[in-house]
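These notes are about the structure you will find just below.
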Amino acid sequence: MTPTSPGAPAGRRTRPRARHAAVAAAATLLALTATPPATAAPEDRHLTGTLDSGASYVIDVPAAWNGTVLLFSHGYRPAGSENPAENAPDADTRALLMAEGYALAGSSYASTGWAAEQAVPDQLHTLDTFTRRVGRARTTLAWGESYGGLVTTAIAERHPGRVDGSLSMCGLVHGGVANWNSTLDATFALKTLLAPSADLPLADFTDQRQAADAAQQLAGATAQAQGTATGRARIALAAALHNIPAWNDPGQPRPDPDDHVAQERAQYPAVQGLVAAPAFVWRQEAETRAGGSMSWNTGVDYGRMLRQSANYRQVKALYKAAGLSLGGDLRSLGQAPRLSADREAVAYMDRTTGLTGRLTRPQLNTHTIGDALVPVQTEDAYRRAATRSGSAHLLRQAYVNHAGHCTFSTGEFAAAVHTLHDRVRTGHWPDTSAEALNSAAKEASPTTPARYARYQPGPYPRPHRPG
Numbered sequence: 003m004t005p006t007s008p009g010a011p012a013g014r015r016t017r018p019r020a021r022h023a024a025v026a027a028a029a030t031l032l033a034l035t036a037t038p039p040a041t042a043a044p045e046d047r048h049l050t051g052t053l054d055s056g057a058s059y060v061i062d063v064p065a066a067w068n069g070t071v072l073l074f075s076h077g078y079r080p081a082g083s084e085n086p087a088e089n090a091p092d093a094d095t096r097a098l099l100m101a102e103g104y105a106l107a108g109s110s111y112a113s114t115g116w117a118a119e120q121a122v123p124d125q126l127h128t129l130d131t132f133t134r135r136v137g138r139a140r141t142t143l144a145w146g147e148s149y150g151g152l153v154t155t156a157i158a159e160r161h162p163g164r165v166d167g168s169l170s171m172c173g174l175v176h177g178g179v180a181n182w183n184s185t186l187d188a189t190f191a192l193k194t195l196l197a198p199s200a201d202l203p204l205a206d207f208t209d210q211r212q213a214a215d216a217a218q219q220l221a222g223a224t225a226q227a228q229g230t231a232t233g234r235a236r237i238a239l240a241a242a243l244h245n246i247p248a249w250n251d252p253g254q255p256r257p258d259p260d261d262h263v264a265q266e267r268a269q270y271p272a273v274q275g276l277v278a279a280p281a282f283v284w285r286q287e288a289e290t291r292a293g294g295s296m297s298w299n300t301g302v303d304y305g306r307m308l309r310q311s312a313n314y315r316q317v318k319a320l321y322k323a324a325g326l327s328l329g330g331d332l333r334s335l336g337q338a339p340r341l342s343a344d345r346e347a348v349a350y351m352d353r354t355t356g357l358t359g360r361l362t363r364p365q366l367n368t369h370t371i372g373d374a375l376v377p378v379q380t381e382d383a384y385r386r387a388a389t390r391s392g393s394a395h396l397l398r399q400a401y402v403n404h405a406g407h408c409t410f411s412t413g414e415f416a417a418a419v420h421t422l423h424d425r426v427r428t429g430h431w432p433d434t435s436a437e438a439l440n441s442a443a444k445e446a447s448p449t450t451p452a453r454y455a456r457y458q459p460g461p462y463p464r465p466h467r468p469g
């Protein structure tokens with residue numbers, strides 16, 4: 003006797019073969035009508051972590067990665083300041099480059115201050131981490147701004163096998179020794195001419211307190227001098243020795259070329275800014291790393307330096323208006339006791355942050371012309387170094403007609419990246435004229451400024467190594 007199927011009408015029998023056929027038909031129908039599971043769309047990846055050195059790193063990879071990673075080196079951070087990892091100059095530039103398919107990577111460096119000894123290996127280890135966590139990049143471009151431009155160039159010169167090209171933006175491409183010599187020139191002139199009898203060290207500081215006290219003392223003398231025509235002329239002379247431009251604040255109008263009083267008034271805050279931190283407090287931290295003073299001005303002809311400065315005409319005019327003898331003040335600088343460097347400290351600085359201009363991969367440098375912190379004349383120093391080393395054909399330099407330190411727009415950043423990337427892809431430099439770069443900047447970011455300009459910086463007069 004065959005039982006009835008559950009739910010079948012009483013007295014009606016369902017044969018097993020028919021029942022099995024019905025189940026199979028239902029299963030087939032379900033298979034045909036069911037929605038297959040959706041495949042997850044690729045997403046951007048944001049990766050963070052800590053290197054063995056203690057430095058943090060940050061990596062951003064777009065969903066549609068183009069195979070190129072940009073290794074970003076950030077600028078100087080004073081000792082003890084916050085030290086987050088960065089992989090782009092700003093959020094807008096990061097977003098634009100990721101939308102174009104670029105992966106971005108960068109580290110904090112294990113130390114703040116004059117930390118190139120840690121920065122270079124930390125950046126290379128960040129590349130290793132990128133390869134491990136993301137995969138091997140088809141193209142690797144190093145880029146960085148300010149102090150990070152120095153780190154980037156050091157990577158390009160010393161580890162060329164790790165990168166395909168490099169981009170230094172407003173970088174200290176004159177190298178560490180020349181940088182500290184240049185800051186010494188300005189403070190030496192200020193002390194000699196504005197505070198000749200003050201017990202005011204300019205180098206070889208015992209600690210941060212002594213450096214801060216010296217900075218405060220010289221800042222006070224400079225502030226007092228700003229109140230007289232004589233003092234303003236001497237401040238302009240010190241500014242000229244550091245190549246501080248008259249137009250250096252993007253928030254202020256550009257002084258008229260013949261308004262020498264307005265030019266000095268614009269230079270004064272930059273001079274005080276140099277005194278407040280880089281020339282004393284930051285120097286002391288760097289001296290601690292180097293084991294002594296890495297700066298000297300023995301044998302330096304300040305009259306010759308002044309005549310080479312773009313500010314020479316301004317200084318002459320202000321001295322004349324003040325009824326002051328420029329020749330007399332230059333003789334005072336010539337007769338004042340000079341400072342010698344510690345040879346081992348110079349060797350350390352040259353070993354860790356010295357640049358030779360020897361490139362084996364293409365490098366593009368960009369610089370704002372109104373930069374008071376890292377004057378545009380530093381580009382002349384690197385051009386001459388690259389020429390001496392025989393690698394000038396690998397170097398291109400471009401200039402942005404704007405005031406301030408590293409005040410590039412999103413479009414200007416992107417145009418520089420695209421130009422370097424094109425050089426690496428094709429093996430030939432594309433058009434690097436101001437017109438071509440502005441066109442590229444506008445194409446990349448139509449709403450941000452494009453201010454590349456034809457420009458040739460004057461000579462950078464300071465020696466790179468002791469004579």
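Taking my numbering, the leading residue of the sequence shown gets 3, the next gets one more, and so forth. Built from N, CA and C at the ideal position, the CB exists for glycine as well. Remember, it's a predicted structure, so these values are computed and weren't measured experimentally.
- Counting along the chain, where does the beta strand (DSSP E) carrying arginine 140 start and finish? Segment: none, arginine 140 is in no beta strand (DSSP E) and carries neither H nor E.
- Query: Which residue or residues does DSSP assign as beta-bridge partners of leucine 72?
  - Reply: Partner(s): Leu106 and Leu143.
- Query: Nearest to glutamine 219 by CA position, among Leu196, Asp331, Tyr78 and Thr141, is which residue?
  - Reply: Closest in C-alpha terms to glutamine 219, from the list Leu196, Asp331, Tyr78 and Thr141, comes Leu196.
- Task: Answer yes or no: do proline 252 and threonine 142 have a C-beta to C-beta separation smaller than 8 Å?
- Result: No.
- Query: Of all the options Tyr321, Asp352, Leu152 and Ala416, which has the alpha carbon lying nearest to the alpha carbon of alanine 343?
  - Reply: Measuring from the Cα of alanine 343, the nearest candidate turns out to be Asp352.
- To the nearest angstrom, how far is it from the Cα of proline 432 to the Cα of leucine 361? One C-alpha to the other measures close to 18 Å.
- Cβ shell of glycine 115 (< 6 Å), same chain only, five flanking positions each side left out: Ala81 and Glu287.
- Near alanine 205, which residues of its chain fall below 6 Å by C-beta distance, leaving aside the five closest residues on each side in sequence? Same-chain partners within the cutoff: Ser295, Ser297 and Leu341.
- Item | Buried versus exposed call for histidine 176 [16 or more other C-beta atoms within 10 Å across all chains shown] | The residue in question, histidine 176, is buried, as its Cβ has 16 or more Cβ neighbours within 10 Å.
- Query: Which of helix, strand or coil does DSSP assign to alanine 268?
  - Reply: Helix.
- Query: Whose C-beta lies closer than 6 Å to the C-beta of alanine 292 among residues of the same chain, with five residues either side of it excluded?
  - Reply: Ala347, Tyr350 and Met351, listed in sequence order.
- Based on the DSSP output, what are the partners of serine 168 in its beta bridges? Answer is Ala144 and Gln365.
- Query: Is the Cβ-Cβ distance between glycine 146 and glycine 167 less than 8 Å?
  - Reply: The Cβ atoms of glycine 146 and glycine 167 lie no closer than 8 Å to each other.
- Message: Alpha carbons only, please: which of Gln228, Phe415, Arg427 and Gly336 is nearest the one belonging to alanine 324?
- Response: Nearest option by C-alpha distance: Gln228.
- With distances taken Cα to Cα, identify the nearest neighbour of proline 461 among Arg140, Leu243 and Ala405. Looking at the Cα atoms, Leu243 is the closest of the given residues.
- Item | According to DSSP, residues forming a beta bridge with valine 402 | Answer by DSSP bridge pairing, in chain order: Thr370 and Tyr454.
- Buried or exposed: which applies to threonine 450, given that a residue is buried once 16 or more other Cβ atoms fall within 10 Å of its Cβ? The residue is buried, with at least 16 neighbouring Cβ atoms inside 10 Å.
- alanine 417 and alanine 436 closer than 8 Å at C-beta: Contact flag unset, no.
- Taking Cβ positions, are aspartate 382 and proline 271 nearer each other than 8 Å? Against a cut-off of 8 Å, the Cβ pair of proline 271 and aspartate 382 comes out as no contact.
- Task: Could you check the C-alpha separation between valine 419 and glycine 222 for me, to the nearest Å?
- Result: One C-alpha to the other measures close to 43 Å.
- How far does the beta strand (DSSP E) with aspartate 382 in it reach, from first residue to last? Element bounds for aspartate 382: not the beta strand (DSSP E) but the alpha helix (DSSP H), 380 to 391.
- Item | Local conformation of leucine 357 per DSSP, three classes | Coil, per DSSP.
- Query: If you draw a straight line from the C-alpha of alanine 112 to the C-alpha of asparagine 89, how long is it?
  - Reply: One alpha carbon belongs to alanine 112, the other to asparagine 89, and they sit about 15 Å apart.
- Item | In DSSP terms, what isoleucine 61 is bridged to | The secondary-structure analysis by DSSP pairs isoleucine 61 across a beta bridge with Leu49 and Ala107.
- Message: Whether or not the stretch 126 to 137 and the stretch 364 to 379 are in contact is what I'm after, with contact meaning three or more pairs of Cβ atoms, one per stretch, closer than 8 Å; do they touch?
- Response: Verdict: no, contact absent.
- Check whether the Cβ atoms of threonine 355 and leucine 152 sit closer than 8 Å, and answer yes or no. Taking the C-beta atoms as reference points, leucine 152 is found nearer than 8 Å to threonine 355.
- Query: What are the boundary residues of the alpha helix (DSSP H) that serine 184 is part of?
  - Reply: Serine 184 -> alpha helix (DSSP H) spans 178 to 196.
- Query: In three-state terms, what does DSSP make of leucine 239?
  - Reply: In the three-state DSSP reduction, leucine 239 falls in the helix class (H, G or I).
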